[in-house]
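To keep things clear, I will list the structure first and then write my remarks on it.
Numbering (our numbering), first residue to last: 927 to 1062.
In structure tokens form, the structure reads like this:
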């Protein structure tokens, strides 16, 4: 086989589990992974959120029970995680919609927009956490 044909052939990379751990995703890939994770997290938390919604509407006694549930620190951490999931999923979804419209599909622009996802969603999550824990 000639040398030019060997250079054009695709290279097979057999990635093992140990190599996956050390593999670094680009910012856009990591944002997309977290987009899927946040969507799954919100979906799995849906029964919990529906239960909280039911507590808020049933009666005054159940609303008092809701206030008691909200006073638990672990529940507040779960709600903070859900706030992050919602905000990250929303901002990344807008990014994906823009990419689908062929806005910012160049490599540098896509990497920049992935960083903007974090620069927008994380401070908003911090504000939600401050409100949730009673600082604001």
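Glycine residues also receive a C-beta, built at the ideal position from the N, C-alpha and C atoms.
With a 10 Å radius around its C-beta and 16 neighbouring C-beta atoms as the bar for buried, classify residue i as buried or exposed.
i            : result
residue 1021 : buried
residue 997  : exposed
residue 1015 : buried
residue 961  : buried
residue 1011 : buried
residue 867  : With the chain covering only 927 through 1062, there is no way to say anything about residue 867.
residue 957  : buried
Report the option in the options whose CA atom is closest to the CA atom of residue i.
i            : options                : result
residue 978  : 988, 1038, 1042        : 988
residue 1019 : 1006, 1043, 1038, 1010 : 1043
residue 1035 : 936, 937, 950, 954     : 954
residue 1050 : 1033, 1037, 1017, 937  : 1017
residue 967  : 1045, 1005, 1037, 1026 : 1005
residue 964  : 1013, 974, 1028, 986   : 1013
residue 1007 : 975, 935, 1037         : 975
Beta-carbon within less than 8 angstroms of residue i's beta-carbon, same chain only, minus the 5 sequence neighbours each way: which residues are those?
i            : result
residue 1024 : 1030, 1039
residue 1002 : 996, 1058, 1059
residue 992  : 978, 981, 982
I'd like to check one pair, residue j with residue i: are the Cβ atoms closer than 9 angstroms?
i            : j            : result
residue 982  : residue 1054 : no
residue 959  : residue 951  : yes
residue 1056 : residue 1048 : no
Can you name, in chain order, every residue of its own chain whose Cβ lies under 6 angstroms from the Cβ of residue i, other than the five neighbours on each side?
i           : result
residue 986 : none
Tell me which residues share the same chain as residue i and place their Cβ nearer than 7 angstroms to its Cβ, disregarding the 5 neighbours each side in the sequence.
i            : result
residue 1041 : 953
residue 936  : none
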